[in-house]
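S.K.:
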Amino acid sequence: MSEVLVYVDHVDGSVRKPTLELLTLARRIGEPVAVALGAGAADTASVLAAHGAVRVLTHDAAEYADYLVVPKVDALQAAVAEVSPVAVLVPSSAEGKEIAARLALRIGSGIITDAVDLEAGEDGPVATQSVFAASFSTKSRVVKGTPVITVKPNSAAVEATPAAGAVSELGVTFGSLATGTKVTGRNPRESTGRPELTEAAIVVSGGRGVNADFTAVEALADALGAAVGASRAAVDAGWYPHTNQVGQTGKSVSPQLYIANGISGAIQHRAGMQTSKTIVAVNKDAEAPIFDLVDYGVVGDLFDVVPQLTEEINARKG
Ligand code: FAD
13 MSEVLVYVDH
23 VDGSVRKPTL
33 ELLTLARRIG
43 EPVAVALGAG
53 AADTASVLAA
63 HGAVRVLTHD
73 AAEYADYLVV
83 PKVDALQAAV
93 AEVSPVAVLV
103 PSSAEGKEIA
113 ARLALRIGSG
123 IITDAVDLEA
133 GEDGPVATQS
143 VFAASFSTKS
153 RVVKGTPVIT
163 VKPNSAAVEA
173 TPAAGAVSEL
183 GVTFGSLATG
193 TKVTGRNPRE
203 STGRPELTEA
213 AIVVSGGRGV
223 NADFTAVEAL
233 ADALGAAVGA
243 SRAAVDAGWY
253 PHTNQVGQTG
263 KSVSPQLYIA
273 NGISGAIQHR
283 AGMQTSKTIV
293 AVNKDAEAPI
303 FDLVDYGVVG
313 DLFDVVPQLT
323 EEINARKG
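Each residue of the sequence shown is one higher than the one before, counting from 13 in this note's numbering.
#1: Comparing C-alpha positions only, which one of Y76, V85, Q286 sits nearest to G259?
#2: Assuming D304 is part of the alpha helix (DSSP H), what are its boundary residues?
#3: Mapping DSSP to helix, strand and coil, what is A239?
#4: At a cut-off of 7 Å, is H281 close to the ligand FAD when judged by its beta-carbon and the heavy atoms of the ligand?
#5: Does the beta-carbon of R114 have 16 or more other beta-carbons within 10 angstroms, so that it is buried, or is it exposed?
#6: In this structure, does DSSP put H22 in helix, strand or coil?
#7: Tell me, which residues are paired with F148 by DSSP?
#8: Under a Cβ-count criterion, where at least 16 other Cβ atoms within 10 Å of its own Cβ denotes burial, should F144 be classed as buried or exposed?
#9: Taking the DSSP output, what are the residues bridged to N273?
#10: In the structure shown, what three-state DSSP assignment does S180 receive?
#11: Taking 7 Å as the cut-off, is the C-beta of T261 nearer than that to any heavy atom in the ligand FAD?
#12: Any chance the CB of F315 is under 7 Å from a heavy atom of the ligand FAD?
#13: Per DSSP, what kind of secondary structure is G11 in: helix, strand or coil?
#14: Count the other CB atoms within 10 Å of the CB of A233; is the residue buried (16 or more) or exposed (fewer)?
#15: Compute the Euclidean distance between the alpha carbons of R328 and L236, then round it to the nearest angstrom.
#16: Considering just the uninterrupted stretch of the alpha helix (DSSP H) at R118, what are its terminal residues?
#17: Alpha carbons only, please: which of A46, V247, V240, P97 is nearest the one belonging to M13?
#18: Please name the residue, chosen from V45, I119, D126, that lies closest to K109 on a Cα-to-Cα basis.
#19: For Q257, which residues does DSSP report across the bridge?
#20: How would you call N45, buried or exposed, if buried means at least 16 neighbouring beta carbons within 10 angstroms?
#21: Between T140 and R40, what straight-line distance do the alpha-carbon atoms span, to the nearest angstrom?
#22: Here's the rule: buried if 16 or more other CB atoms are within 10 angstroms of the residue's CB, otherwise exposed. What is E199?
#23: How close, in whole Å, do the beta carbons of L80 and T193 come, if the pair is a contact with beta carbons under 8 Å?
#24: Using the Cβ count rule (16 or more neighbours within 10 Å means buried), how would you classify L117?
#25: Between the alpha carbons of V160 and L101, how many angstroms are there, rounded?
#26: At 3 residues or longer, what runs of the beta strand (DSSP E) sit wholly inside the stretch 25–53?
#27: Use the C-beta contact count for G277: other C-beta atoms within 10 angstroms, 16 or more gives buried, fewer gives exposed.
#28: Find the nearest neighbour of G309 within the set D86, G274, A132, T196, judged by alpha-carbon distance.
#29: Taking 7 Å as the cut-off, is the C-beta of Q257 nearer than that to any heavy atom in the ligand FAD?
#30: Buried or exposed for F226, going by 16 or more other Cβ atoms inside 10 Å?
#31: Is it buried or exposed for K263, if we count other Cβ within 10 angstroms and need 16 for buried?
#32: Return yes when the C-beta of I275 is under 7 Å from any heavy atom of the ligand FAD, and no when it is not.
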């Protein structure tokens, strides 16, 4: 059976969820071969094998930490040469998309970014993208070279499917560009203890309706183990950090559940959340456009509704 390369996003050997989702999608089009790079790469093997990787190619070198993405592109290019895959799948993070674009250019292939689904096709993998502020879905296929496809988080379920996961060392020779941009410092953002917005299975957002007070939104998020999002109006007012903005000029999220509180549903906000699987809104205006796209809508004051919802969830959690 043909093999599919999956680029592994991990932190010191701890594999991030979008990579496990890629393994689910990869199995639809071939046998997943994972490529894990950098410190802790070898530690990823067991979890990758448990989720369907038939092989795990690893490589560690100081270059991966000390220089920006090019060493990783060199390594993926080496993996493509070794495996001759039917496709290369990369998580749709900012770094993932940069790696994918550079790789596609290097190997003379077409690229599809931000896919939300992937299926096997007669002439190669077919990717679904959500376009024009999520008003349309398109299906497309790369017609030149080895398809390089980046996939948005939460596009597939994580499935435990044990496979061999045979580990081998990838042979990598870094090119002259690899050490062109050196990382001179890192300042990790202070952790909120909540999941990363773009990867979270549940996102609870607040808009202008929260009137500067995100306490109720945060409490609901914590009851659900969710990330907190915000509309641009809330961010522009300085009520929540820009890193949490959802929408056209913010982040794109596609969680299993999106709860919009005091958000009207402007097209630019919808662009960033419309592909969420289940959408719930709390808004005191029954005519708010957000109600056009919800699965469940509550017309009411969020300061009444949201605390009751949080209380009920906490009570049911026991
Ligand atoms: P509003 O539109 O003011 O809506 C507030 C809602 O809260 C209302 O529906 C109101 O009924 C409700 N409400 C008020 N009080 C309560 C209460 N107590 N309980 C319940 N409901 C209540 N916006 C984004 O979000 N993300 C983007 O990335 C983005 N990018 C943009 C890019 C461009 C180029 C432009 C022009 C605009 C962009 N916008 C973006 C802005 C967008 O057009 C809207 O202005 C914005 O989304 C409105 O935010 P909001 O829904 O919080 O506020």
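Cβ coordinates follow ideal geometry from the N, Cα and C atoms, glycine included.
Nothing here was measured: the structure is a model prediction, and the numbers come from that model.
M.R.: On the basis of the supplied data:
#1: Along the sequence shown, read from residue 1 onward, the residue named residue 259 stands at position 247. If we check each option's Cα against that of G259, Q286 comes out closest.
#2: As a first step, residue 304 must be located in the sequence shown, where it is residue number 292. That residue, D304, is in no alpha helix (DSSP H); it is neither H nor E in DSSP.
#3: Within the sequence shown, residue 239 is the residue found at index 227, counting from 1. A239: strand per DSSP, three-state reduction.
#4: Translated into the one-based positions of the sequence shown, residue 281 becomes position 269. Answer for H281: yes, Cβ within range of the ligand FAD.
#5: As a working note, residue 114 is residue 102 in the sequence shown. When all chains shown are included, R114 counts as buried.
#6: Residue mapping note: residue 22 aligns to position 10 of the sequence shown, counting from 1. Residue state, collapsed to three classes: strand.
#7: By 1-based counting over the sequence shown, the position of residue 148 is 136. F148 is bridged to V143.
#8: In the sequence shown, residue 144 corresponds to position 132, counting from 1. F144 should be labelled exposed.
#9: Position 261 of the sequence shown, counting from 1, holds the residue named residue 273. When beta bridges are read from the DSSP output, N273 appears opposite G218, V294.
#10: Taking the sequence shown and counting its residues from 1, one reaches residue 180 at position 168. Strand.
#11: Looking up residue 261 in the sequence shown gives position 249. For the ligand FAD, at least one heavy atom lies less than 7 Å from the Cβ of T261.
#12: Working through the sequence shown from its first residue, we reach residue 315 at position 303. Checking the Cβ of F315 against the ligand FAD gives yes.
#13: Nothing can be reported for residue 11, as the shown portion of the chain is limited to 13 through 330.
#14: For the purposes of this step, residue 233 is taken as residue 221 along the sequence shown, with counting starting at 1. So A233 counts as buried.
#15: For the purposes of this step, residue 328 is identified with residue 316 of the sequence shown, where counting begins at 1. For the purposes of this step, residue 236 is identified with residue 224 of the sequence shown, where counting begins at 1. Those two C-alpha atoms are separated by around 11 Å.
#16: Within the sequence shown, numbered from 1, the residue matching residue 118 stands at position 106. For R118, the enclosing alpha helix (DSSP H) starts and ends at 106–119.
#17: Position 1 of the sequence shown, counting from 1, holds the residue named residue 13. The option with the nearest alpha carbon to M13 is P97.
#18: One-based indexing of the sequence shown puts residue 109 at position 97. When only C-alpha atoms are compared, the closest one is D126.
#19: Position 245 of the sequence shown, counted from the start, is the residue given in the question as residue 257. Answer is A242.
#20: As a position in the sequence shown, residue 45 is number 33, starting the count at 1. As written in the sequence, residue 45 is Val, which differs from the Asn given in the question. With 16 or more Cβ atoms within 10 Å of its Cβ, V45 is classed as buried.
#21: Looking up residue 140 in the sequence shown gives position 128. Looking up residue 40 in the sequence shown gives position 28. The straight-line gap from Cα to Cα measures roughly 14 Å.
#22: Numbered from 1 along the sequence shown, position 187 holds the residue referred to as residue 199. Per the sequence shown, the amino acid found at residue 199 is Asn instead of Glu. Flag for N199 reads exposed.
#23: Numbered from its first residue, the sequence shown carries residue 80 at position 68. Numbered from its first residue, the sequence shown carries residue 193 at position 181. That pair is a contact at about 4 Å.
#24: Position 105 of the sequence shown holds residue 117. Classification for L117: exposed.
#25: Position 148 of the sequence shown, counted from the first residue, corresponds to residue 160. Position 89 of the sequence shown, counted from the first residue, corresponds to residue 101. Each residue's alpha carbon lies about 6 Å from the other.
#26: 43–49
#27: Your numbering for residue 277 matches position 265 in the sequence shown. Answer is buried; the Cβ neighbour count reaches 16.
#28: As a first step, residue 309 must be located in the sequence shown, where it is residue number 297. Nearest option by C-alpha distance: G274.
#29: Locating residue 257 in the sequence shown gives position 245, where the first residue counts as 1. Q257 Cβ: within cutoff of the ligand FAD.
#30: Residue mapping note: residue 226 aligns to position 214 of the sequence shown, counting from 1. Classification for F226: buried.
#31: In the sequence shown, residue 263 corresponds to position 251, counting from 1. So K263 counts as buried.
#32: Locating residue 275 in the sequence shown gives position 263, counting from the first residue. With a cut-off of 7 Å, the C-beta of I275 is classified as near the ligand FAD, since at least one heavy atom of the ligand falls inside that distance.
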